[in-house]
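Protein chains: 2
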Amino acid sequence: MPSAPSPSYAPTVVIEDLYPCLEGGRYPVKRIVGEPLEVWADVFKDGHDILRAVLKWRQEGQQRWAEAAMSLGDNDRWHGRCSFEAPGTWEYVVEAWPDGFRSWKKTFAVRVEALDPDVPVEALEGARLLEQAAIRARAAGVMDGASQLTDCAELLRTLPADQLMDVLLSEELQAVMDKFPDREFATTSRALPVRVERERARFSSWYEFFPRNAEGRADRHSTFRDCLERLDDARAMGFDVIYFPPIHPIGITHRKGKNNTLTAGPDDVGSPWAIGGPAGGHRAIEPALGTETDFVWLLAEARKRGLEIALDFAINCSPDHPYVKDHPDWFYQRPDGSIRYAENPPKKYQDIYPLNFHCADWKNLWRELIDVVRYWVDLGVTIFRVDNPHTKPVAFWEELIRSIQRTNPEVLFLSEAFTKPKMMQVLAKAGFTQSYTYFTWRESKHELMAYVNELTRSEMRWYFRGNFWPNTPDILPGHLQHAAAPMFRLRAALAALLTPCWGMYSGYELCENDPYPGKEEYNHSEKYELLQRDWNAPGNIKAFITQLNRIRHENPALQLYDNVVFHAADHDQVMSFSRATPDGGNRLLVVMSLNATAGVESGVHLDLAALGLAEGQKFEVRDLLYGGVYQWQGADNYVVLRPDGVAMHVFSVKPL
Amino acid sequence: MPSAPSPSYAPTVVIEDLYPCLEGGRYPVKRIVGEPLEVWADVFKDGHDILRAVLKWRQEGQQRWAEAAMSLGDNDRWHGRCSFEAPGTWEYVVEAWPDGFRSWKKTFAVRVEALDPDVPVEALEGARLLEQAAIRARAAGVMDGASQLTDCAELLRTLPADQLMDVLLSEELQAVMDKFPDREFATTSRALPVRVERERARFSSWYEFFPRNAEGRADRHSTFRDCLERLDDARAMGFDVIYFPPIHPIGITHRKGKNNTLTAGPDDVGSPWAIGGPAGGHRAIEPALGTETDFVWLLAEARKRGLEIALDFAINCSPDHPYVKDHPDWFYQRPDGSIRYAENPPKKYQDIYPLNFHCADWKNLWRELIDVVRYWVDLGVTIFRVDNPHTKPVAFWEELIRSIQRTNPEVLFLSEAFTKPKMMQVLAKAGFTQSYTYFTWRESKHELMAYVNELTRSEMRWYFRGNFWPNTPDILPGHLQHAAAPMFRLRAALAALLTPCWGMYSGYELCENDPYPGKEEYNHSEKYELLQRDWNAPGNIKAFITQLNRIRHENPALQLYDNVVFHAADHDQVMSFSRATPDGGNRLLVVMSLNATAGVESGVHLDLAALGLAEGQKFEVRDLLYGGVYQWQGADNYVVLRPDGVAMHVFSVKPL
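Those protein sequences? They're chains B and C, same order as listed.
Residue numbers for the first sequence follow our numbering, so the first one is 1 and each next one is one higher.
Residue numbers for the second sequence follow our numbering, so the first one is 1001 and each next one is one higher.
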């Protein structure tokens, strides 16, 4: 039964509505190392005391608090700000107390003004406050401060009433008093948690490829040793996270054939997501890819290039997974004693057995899965893309991520939950660093604006970092099917410029656009077969993608999450938005056509204030894609955009 | 450090955003006995299970939960509703679980439809679920249910596939299964508190008078025994709470004279708020009023009349209060050793010493003050009006009210905090039943509408019950100064019709309107002297007040707090609002002029939907003040209102 605190202590100050706060403090808000956290709280007290409030924060396990003064705004609301110097779990509180000296001084000034006969005795009260502060200063070893305070106290005792205020109005005196406040009657709010992650949690550019197809040869299974060229190519395009589908042994029983057919031929490579075979389970490596030594070598090569390799954590077991033999009780049994395979009737996935997270031995199951992740972390893996987390208990993910990040706060997790909004949100609250989004299906200007605003202006901005992908191995959205390069450029630009986290699945740069008939999937999906590819095939858009990533790296405004401001454009298919750093040092303005097949023209009407520009102020815009420099003035401009020519402008904006 | 739950159990269902919830569950929401509480929560789970959710509630100290099914709305939000049968502290939770049978049945239907070869083995799974439910039914002693389930299980095992769904689609079968659900994998939300109070917490009409002036004689101090006539008069006017200023011995030292002057004459009665004299302190009765026996007699007389007497709990000590001698350490000492009197420089209140709630002996001080309240509760007092609670620690009030209501949940507290919004709000959250409001200073239509909407449509409606007073002994607002009866009628009607709690300080019915020059106070305030009064003086508005209270008592819609809907009126000084019971059984429509000196005419445009009326529907309006009955149709009407004639309409509305 929740109840009010019993009076084992007597709180003096009311501290309420501490913010940011998720689900009453149940979940941490997220920050990046060095990124400011703006905190507010309602802070007030009975009576007429002047208050002081500080924001305090510390890392989990630390005793000492860092501290910063808060300032009073309207209606008893106080504001403060802090930042965090290392990844990990932090907490913050607000502490507030009545400022005895300031309160006394204010009242005393009124007394002096009113020629109150009590001025002498009240001056003694002030002297007492100064002397108590002097004791605190002395205890802190600040001897000159202590004697300054003692001297003032003596003046208060001796000076005539009409000279007292001259002493008291000294800002220097107040500054010394502020250093040694009487916090005996301080009240501290409850603590709220913050999860702090490294920069790449917020700013990352992902490139996904199948290592077994690294060479682009249909006739040869590539190995980890064959992956360097792909790494270099991705790096040249400006990507920094290389994401591999599962690298574990692939099941043989019920292995899927080409195009997800039920019967695999002897040479079919199978889906990497059907994990577990004779060579082992989630701790093993598919022999055709190489050895653990090869993988560790590749991790190191990636690191040399400034790249990280993200592994796929997919909790699927093929019928050949060691768990099936060793822990049949971890799976669901059917009434005939067989193990239940995955299905979403009438669809059946006979090559995969789902685990029963609520089996009697669930504790050991959960521990084992967490240990699997730790195994790869210990080998040097620092990012995981998690497959379908919404089909496993949220509590499991919360435990897993907390457990891993407790020892390895550098490890990041991307949630692949294409599902209902509340589930996507709670997975992010429970700890996922980044999340796939609905971006892939947001096409119109209205849809895109509404969605970006929801992600970056609602409470979601405190915990949900959307990672925008134009395609994945599972998804070739309708607008890309049979589409030409302009559409691929358009969707890449949207993803890369609207959010600091974006990713693409390889083949996108080659404008691969062939759907499986009637589905939102690729024909001859790489999930089930080796593909023949020329990674530099004519018509590729690698140069454009390289430009996008270069602009992202060169412009800090594009590395922040919640700074998108949309501007008005008359044409339905012209979208304009800007993003700036808080100090205004970097300001980007994007104007782009959403029509990938026909030219459009439109008036664009800038929100000058959002760009930090005064009405009528001249400003320079520099086209970062096409190189022109123009001088503009006023909110209204006109653009002509063509799919095969200049389809978008990415301007850097400089006030003149 | 807040942290995620460690996995000592494996929660299955996510339950979030449980509402109503104040400050993360720190404070209870408030309800009246029998009044429904609408609860919602986001409830969802990984995977595709069909869920069930129930709302559970129980009183503090009880083991057993009451329970009601919740229903699923949009976007994973579930709704439920409960009510509470007794005053006290209650709590509610949401419990949810995967409904194994429903989930199985849904999937099974797809299988049957798809002629899935697995139908027979999956039918066995269904049989297993039915048999497990049969075991639960048997354990609950429901033998016919158990055999019905066993029979069904047998059918599932034996019937051919194409006949199975006929068995399963039986609503009777589902109803039996719903009675014995498998809740092994249920998850329960955290508990949120509810403070439940009796009806009068929400619906009350207060009449304040000074018992010492009950007879209205300047030459004679009345006693409790002289109060019956005043009680009867108040009752006749329809009031149900009689509020007395403090009845304790009044201090002599620095007693205030007439009109708050610093020097009292020998016959001056002093302010009842300067408590404590030779006859005692907060547990004693001013001898001039009578004895404790007299007071208990008066309480009983009031009770016979259906009235309650509310005492004033004012934590002010005169210099003659016993605490000053017995507990000088409970007060503030000045540097010269004297006890600090109350002041708000340059104003001084030498007749009052404030207590130091944070003195070293604070625990005993707090306990003593709580014991004082308990003393009067034990004598039979059930309502307290608390003087200036915002000048004492909020934590103290929370402790006091919780402590009293734990044993005496019938006791109500009215907060007299005319102060900043956040403080007024937190006092209500901390436990005050009702609160004085800014109503007294809200004059224009816009101000009144905005304020009522803030009180009854914001989060405040969950905890803050505004009690509207047109005057108090401290406040004769500008608009009443030198005003005539129409203004007194207007302000009384606003208070009585906009909120179920209103009150007036005696003399209002006589239109007393003489201000102390330049102040918002009464001249010759009754706080400092005995007044000569004719309680039936010509020009009084007692008949009108009686009508207002009669209408309030006869119309349940006026006894609810958060049902005010404003309607449009063209004229700036014409205000229209309606109030209805949730079932539409009682609907009131008010149209009133805010101009107390000149006639106004205005179009009024009703929100028909808010009145439960269809477009074009005819309806009857019955004037509850003036008695006419009219048939109306449509949203638009025209009113002519005159201060000395029909200044307002209070219609009961009946659809035809």
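Note that CB positions come from ideal geometry on N, CA and C, so glycine has one too.
Computed from a predicted structure; not experimentally measured.
Nearest-angstrom beta carbon gap, residue j and residue i [assumed within contact, 8 Å]
i: Thr1012 of chain C; j: Phe1185 of chain C; result: 5 Å
i: Leu1155 of chain C; j: Val1142 of chain C; result: Wrong, their Cβ atoms sit about 20 Å apart, outside the cutoff.
i: Pro28 of chain B; j: Val194 of chain B; result: 5 Å
Distance between residue j and residue i (C-alpha atoms, nearest Å)
i: Val377 of chain B; j: Val411 of chain B; result: 8 Å
i: Gly1466 of chain C; j: Phe413 of chain B; result: 50 Å
i: Gln1132 of chain C; j: His1079 of chain C; result: 29 Å
i: Arg1202 of chain C; j: Glu172 of chain B; result: 54 Å
i: Phe384 of chain B; j: Phe313 of chain B; result: 6 Å
i: Glu1016 of chain C; j: Tyr1092 of chain C; result: 14 Å
i: Ala1146 of chain C; j: Arg1138 of chain C; result: 6 Å
i: Asp76 of chain B; j: Lys1422 of chain C; result: 7 Å
i: Arg1026 of chain C; j: Cys21 of chain B; result: 14 Å
i: His482 of chain B; j: Ser71 of chain B; result: 58 Å
i: Asn1637 of chain C; j: Tyr1561 of chain C; result: 27 Å
i: Glu308 of chain B; j: Ile404 of chain B; result: 18 Å
i: Arg102 of chain B; j: Glu1416 of chain C; result: 28 Å
i: Met1 of chain B; j: Asn344 of chain B; result: Its pLDDT being 38, under 50, Met1 of chain B is placed unreliably by the model, and the measurement read from it follows with that caveat. About 41 Å.
i: Ile352 of chain B; j: Asp74 of chain B; result: 59 Å
i: Leu588 of chain B; j: Leu548 of chain B; result: 13 Å
i: His1221 of chain C; j: Gly1251 of chain C; result: 16 Å
i: Cys82 of chain B; j: Arg406 of chain B; result: 22 Å
Proximity test, Cβ basis, 8 Å: residue i and chain B
i: Phe1044 of chain C; result: yes
i: Phe1084 of chain C; result: no
i: Leu1129 of chain C; result: no
i: Asn1316 of chain C; result: no
i: Glu1016 of chain C; result: yes
i: Leu1124 of chain C; result: yes
i: Asn1260 of chain C; result: no
i: Ala1010 of chain C; result: yes
i: Pro1421 of chain C; result: yes
i: Arg1111 of chain C; result: yes
i: Pro1393 of chain C; result: yes
Start and end residues, beta strand (DSSP E) containing residue i
i: His1079 of chain C; result: 1077-1082
i: Tyr1207 of chain C; result: 1204-1208
i: Pro674 of chain B; result: Chain B is shown from 1 up to 656; residue 674 of chain B falls before or after that span and cannot be answered.
i: Met1504 of chain C; result: 1501-1505
i: His1567 of chain C; result: 1564-1569
Opposing strand residues paired with residue i [DSSP bridges]
i: Tyr353 of chain B; result: B:Cys317
i: Pro193 of chain B; result: B:Glu91
i: Ala1580 of chain C; result: C:Arg1587
i: Ile15 of chain B; result: B:Val43
i: Ser602 of chain B; result: B:Val639
i: Tyr1630 of chain C; result: C:Val1621
i: Leu22 of chain B; result: B:Tyr27
Endpoints, the alpha helix (DSSP H) within which residue i is located
i: Ala1495 of chain C; result: 1485-1498
i: Gly1100 of chain C; result: 1100-1113
i: Lys256 of chain B; result: Note, Lys256 of chain B: premise wrong, no alpha helix (DSSP H); not H, not E.
i: Lys1542 of chain C; result: 1542-1554
Minimum Cβ-Cβ distance from residue i to chain C less than 8 Å
i: Pro473 of chain B; result: no
i: Met165 of chain B; result: no
i: Gly612 of chain B; result: no
i: Pro486 of chain B; result: no
Cβ of residue i within 8 Å of any chain A Cβ
i: Thr1546 of chain C; result: Among the protein chains of the structure shown, namely B and C, there is no chain A.
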